[in-house]
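J.:
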Amino acid sequence: MENMTLLDFARGPGLQWALWIFCLGVVWRIVGAMYLLGNKDLSKARRTNYIRSGLRAILTRSTPAEAFEEKIRFQHISGYAWHLALFVSVLFFAPHILFFESILGFSWPHLPNTIILFSGAVATALLIALLIRRATHPVQRLISTADDYISIAVVLLPLITGLAAFAHIGLRYETMLALHLLSVELMLIWYPFSKLMHAFMTFPARYQTGTFFGHRGIKA
Amino acid sequence: MNSQTTRALEMEAALEQIEPTIERKGLSDDERVERAKQAFLRKLDGRKAVDLDTCIHCGMCAEACPFYLTTQNEKYAPVHKYRLLRRLYRRRLSPMRWLYKPFTPDITIDDLREWRHYVFDACTGCARCDMICPMGVNVSSLIRIVREGIGAADLMPPRLQRLKNEQRDKNSIVGVDGEYLRNVVATLNDQGADIPLDKDGADTMLLTTVTELRLFPTALAANAKILNKIGANWTMYTDAFEAANLGYVAGDTKALRTATARIVEKAREQGIKTVVVGETGHGYQTLRWLGANTMGERLPFDVYSILEVVAQAQADGRLELKQQANGSSVSYQDPCRLSRKGGILEQPRRILESMGYEIRETEVHGREDYCCGGGCGEYVLSTGSKLRHKVFDLKRHQFEDAGADEVVTACASCRYNLLIGAEKVEWDTPITSLVETVAAHMAD
Amino acid sequence: MRKDQNLGEYLRSQGVSRRGFLKFCSATASLMALPPSAVAQVAEALAAARRPSVIWLSFQECTGCTESLTRSHSPTVESLIFDAISLDYHHTLQAAAGHGAEAAREAAQEENKGEYILVVDGSIPVDNPAYSTIAGISNLDMLKDSAKDCFAIVSVGTCAAFGGLPGAAPNPTGAVAVSDIITDKPIINVSGCPPIPVVITGVLAHFLTFGTIPELDALGRPTAFFGQNIHDRCYRRPFYERGEFAETFDDEGARKGWCLYKLGCKGPITYNACATVKWNQGMGFPIQAGHGCIACSEPRFWDKGGFYDALSTGDWGTREALLGAAGAGAALGVASAIRARSRKKKAMAEEEA
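Residue numbers (my numbering), protein chains in the order written: chain Z, 28 to 247; chain L, 38 to 481; chain E, 5 to 357.
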């Protein structure tokens, strides 16, 4: 369309394409992986209450077993703090809620902007800290792939542009807002092809590990 | 030095004498790589796909791995150990393979040789990583597939290659065959044991291991004493007595199947209803949990560890143990494939308590216990010896902190590995067997 | 006002005091972001200014821009300034009609060649010139003809500046802005639907004072009036920061004067002087009256979603389209897995062999 501004694009076609690709890719990836199907375990089960074992693992893996906690304390706490701060910023900022409401059809209470600003800053700082750890810790440095770094960058962008738009720093507001939306759209497009998919895969993975060990009589 | 330790050192020497065979000739590098890839493809399914797609490369699994913890070598991180599998998945099976393929390097022969060290020398498949993963990834099963891929390429450590070939072709391990069993049993029976060999009409068969026969025949006698006491109609077969499965250990699924089939066919032929597995972790696992899947059908019999038999007999009053321990204390070494991967966690502790022992748990125990460092063939490998001694050191500190009078375990491999480790550092806490302790506490 | 009178003489003849004139000059100076020391210069320049010739063309428009100017309370200095120019052609306001009116325009163009200011309100239809004609002359031809010899063009209102309402989707007449046609003359966009009257006169005052084109932003608007964000200058901003929003137009929040963001206020993306200059002689502006800003001074504001849709929402399409995408994803997933499984089966078969 003629005369379309960056913001118009971000709020219109950009958003639509990003959401389409997101929906298409996420379902493609989940179905494509799970429909590979698994071989049935023919051994005689020690415990047959699979649903209970699976749900249990979903719950228990939310915190590390006592035996491990001390060794992974930094990652455990920072991981939680990062996700918490991210979700507070994403889910409880009034303008964000309006966006979700326009798609979902319902809304929920928002938090004051000062809290959002704080959580956004905390999330950004934590993600940068985790990035530094990834780049310097011997194990993480060895096992990291381009996906890991790109995914961090792709998640950092909406945070930084969002904070800048919020604080009216840098470019004019509508440009910053457009960049913020575009960065979110970039994330949505990158999402199905990257490790960001863990949000959808974690619970199934925990569930199946729970049933695997439950079959053998172990609470995993 | 007690006689067990002497025999353990003798066995170590015997293993040392196995000449390292050169990697089998006749296979080109390309064929090896292709075989490894095919093996990966066979084992990758929806579950593994979800696991591989879930991993976020956080690296926490390293903090559970005894080999990483004792060396701080980042290449021993469990997630790194299955990297080859991830590559194949992303190139060949992933729904996004069209995108990943150009960015994912193919597996090379050098990769396979490099990863051999990670998955054979620096991994016992203890599955401790499975317990730490916050995403719930079944890490050890992924590493297991890498072992099988390298096994399929015939690139497993030469010593394991020789041993699994011997078991596959001659039904013996380090020379321990039916004849060897017959001699051991004759000696034990002379000493008052009552072990029926190749008896017709039995409904229960007992499996033992090469380690037990060579090092701990007393444990076999203890098994016999327990089975006789509870009135089992049991026997051992000279052509199907071996619970150890070197095919499993070496990552050769065909040899694994051959060894499992021997037991299954024998049991079927003899109408066996119950198979009792003596003190072994991986022997229990390969039959109890992998047996049916290896054979592709449900097994015609039930599989129990001797620990389960004792616990069950105690529960229904067929076996009474005397409280003779008088509060002396023990630490129980959880064999990975009985506890974490086998589900037998409560029974050994209940049995020990019923004999009057005070159980002093190590700092981490049960589901999170450290591996002895020698499991899954590790103790056979000269290349892994430095690593397993480091892991033993970790274990020793755990035991010392717990401060028990003795260490009890229920796996001949754990026992052997702990004995050798203790000998090297002249650590003198007694390392004993649970069945032998049970036998000693049985009312006559 | 006689043509040879200067502005100062004219204003005095109309009874405007020196004091009132200076007040206007300082207001104008501050609007144009000039330092206080410039007030005297402005006053001097304005007082001495000769009436410039102005030709005002009205194309596809609603006369709202003209109304905005003429309906301002009189007698204001702004309106007098407006009167003070030599408005040689304005078909809404002029008495002449028909060919006589056109002759006046041509005469003024000829007489003030290279010096007259061309004011345009309304957009120009280019799909078919017959959509809008004056005296049989299409808007396009008239614009080209009048622009040829002008000093500068002032596009008054969003229609002339950016296409405005006639240019809104689906734009049936192919309406375009002045700047889409004339590219060889300085063009000042005084956008707004309508623009604030004082902004129009302010721009004229700038001409009279400096005889130059004022500093413009990327959209060709004078930065003196369009340099500031409504949201940044909004008196309701503290409620935004605190997260206090009116949810409907008659709820407690609305009565308390809370932020109108959730009701679709476009203040954060709008640049205009409404929040500072205000309307109706400083009485107020839309947000003060309880309605969100609709971004009327911004290009394509008609097409930026509903006036009552919050800024953070977007046109995300339809549920059906998303479900369709998910369905296509499922199909691709199944196809991909089936192909992958055949690879696996092949590997299985090879092991058996």
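C-beta atoms are modelled at their ideal positions from N, C-alpha and C, and glycine is treated no differently.
Please look up how many angstroms separate the CB atoms of A493/L and V247/L, rounded, as I've assumed it's under 8 Å.
T.: Nothing in the structure corresponds to residue 493/L, since chain L is present only between 38 and 481.
J.: Going along chain C in order, which residues have a C-beta closer than 7 Å to the C-beta of L78/L?
T.: No chain C is present in this structure, whose protein chains are Z, L and E.
J.: Scan the segment 182-209 of chain Z for residues whose Cβ lies nearer than 8 Å to a Cβ of chain E and list them as they occur along the chain.
T.: Result list: H195, R199, Y200, E201, L204, L208.
J.: Within the continuous beta strand (DSSP E) that includes I121/E, where are the two ends?
T.: From DSSP, the beta strand (DSSP E) with I121/E extends over 121-125.
J.: Against chain E, with Cβ distances strictly below 8 Å, would G65/Z count as a contact?
T.: Not one chain E Cβ lies under 8 Å of G65/Z.
J.: Tell me, which residues are paired with H94/E by DSSP?
T.: According to DSSP, which records beta bridges pairwise, H94/E is partnered with W60/E.
J.: Determine the DSSP secondary structure at E302/E, reduced to helix, strand or coil.
T.: Coil, per DSSP.
J.: Which residues in chain E sit within 8 Å of R124/L, going by Cβ to Cβ distance?
T.: Under the 8 Å cutoff, chain E gives no residues; its nearest Cβ is about 15 Å from R124/L.
J.: Does the Cβ of V462/L have 16 or more other Cβ atoms within 10 Å, making it buried, or fewer, making it exposed?
T.: Exposed, by the Cβ-count rule.
J.: Run through the segment 98-136 of chain L for me and flag every whole alpha helix (DSSP H) of 4 or more residues, listed as ranges in chain order.
T.: You should have 103-108, 115-118, 120-125.
J.: Can you tell me where the alpha helix (DSSP H) with D167/L in it begins and where it stops?
T.: Start and end: 165-169.
J.: Going along the chain, which residues of the segment 115-134 of chain Z sit with their C-beta nearer than 7 Å to a C-beta in chain E?
T.: The segment 115-134 of chain Z vs chain E, Cβ under 7 Å: A121, P122, H123, L125, F126, S129, I130.
J.: List, in order along the chain, the chain L residues whose C-beta lies closer than 7 Å to that of A329/E?
T.: Residues of chain L passing the Cβ test: none, with the nearest at roughly 15 Å.
J.: Alpha helix (DSSP H) containing S391/L: first to last residue?
T.: 383-391 is the span of the alpha helix (DSSP H), which, as asked, contains S391/L.
J.: Looking at C-beta atoms only, is the number of pairs between the segment 198-218 of chain Z and the segment 267-274 of chain E that lie closer than 8 Å three or more?
T.: Segments in contact, yes.
J.: For E473/L, count neighbouring Cβ atoms within 10 angstroms of its own Cβ and tell me buried if that reaches 16, exposed if not.
T.: Label assigned to E473/L: buried.
J.: If you measure from the beta carbon of F220/Z to each beta carbon in chain L, is any gap under 8 Å?
T.: Closer than 8 Å: yes.
J.: Measuring straight from C-alpha to C-alpha, what distance separates K152/E and W60/E?
T.: Computed Cα separation, rounded: 14 Å.
J.: Output the distance between the C-alpha atoms of D131/E and C50/Z, rounded to the nearest integer angstrom.
T.: Answer to the nearest angstrom: the Cα atoms are 40 Å apart.
J.: Nearest chain Z C-beta to R241/E closer than 8 Å, yes or no?
T.: No, no contact with chain Z.
J.: What would DSSP say about T87/Z, mapped onto helix, strand or coil?
T.: Three-state DSSP puts T87/Z in a helix.
J.: Give a yes or no on whether the C-beta atoms belonging to C238/E and F249/E are separated by under 8 Å.
T.: It is not a contact, given that the beta carbons lie outside the stated cut-off.
J.: Answer with yes or no whether the minimum CB distance from P132/L to chain E is below 8 Å.
T.: Interface residue, yes.
J.: Could you check whether Q45/E and S136/E sit closer than 8 Å to each other, using their CB atoms as the reference points?
T.: In this structure, Q45/E does not lie closer than 8 Å to S136/E by Cβ.
J.: Work out the CA separation of A279/E and G104/E for me, nearest whole Å.
T.: Roughly 43 Å between the two C-alpha positions.
J.: Is there at least one Cβ from chain Z nearer than 8 Å to R304/E's Cβ?
T.: So, interface residue.
J.: Tell me whether the segment 367-377 of chain L and the segment 8-28 of chain E touch, counting them as touching only if at least three CB pairs, one residue from each stretch, are closer than 8 Å.
T.: Verdict: no, contact absent.
J.: Take V171/E as the anchor and find which of T216/E, D307/E, E354/E, G224/E has the nearest alpha-carbon.
T.: The sequence as given places Gly at residue 171/E; Val does not occur at that position. For the residues T216/E, D307/E, E354/E, G224/E, the minimum Cα distance to G171/E belongs to D307/E.
J.: Just verifying my parser: in three-state terms, what is the DSSP assignment at G288/E?
T.: Of the three classes helix, strand and coil, the one that applies to G288/E here is strand, per DSSP.
J.: Who are the Cβ neighbours of D231/L in its own chain at under 7 Å, not counting the five residues just before and after it?
T.: Excluding sequence neighbours, D231/L sits near A261, N265.
J.: I want to know whether the segment 210-222 of chain L touches the segment 268-280 of chain L - three or more CB-CB distances under 8 Å.
T.: A contact exists between the segment 210-222 of chain L and the segment 268-280 of chain L.
J.: Could you tell me whether the Cβ atoms of F214/E and R304/E are closer together than 8 Å?
T.: Contact flag unset, no.
J.: Does the segment 127-144 of chain Z touch the segment 166-176 of chain Z, meaning 3 or more C-beta pairs lie closer than 8 Å?
T.: Cβ pair count under 8 Å is below three, so no.
J.: Okay, do the segment 76-93 of chain L and the segment 230-244 of chain Z touch, 3+ Cβ pairs below 8 Å being the bar?
T.: At 8 Å Cβ cutoff, the stretches touch.
J.: Consider the Cβ of R184/L: report whether some Cβ of chain E lies at a distance smaller than 8 Å.
T.: It does not; no Cβ of chain E falls within 8 Å.
J.: Is it true that the CB of S41/E sits closer than 8 Å to the CB of T96/E?
T.: The answer is no: Cβ separation not under 8 Å.
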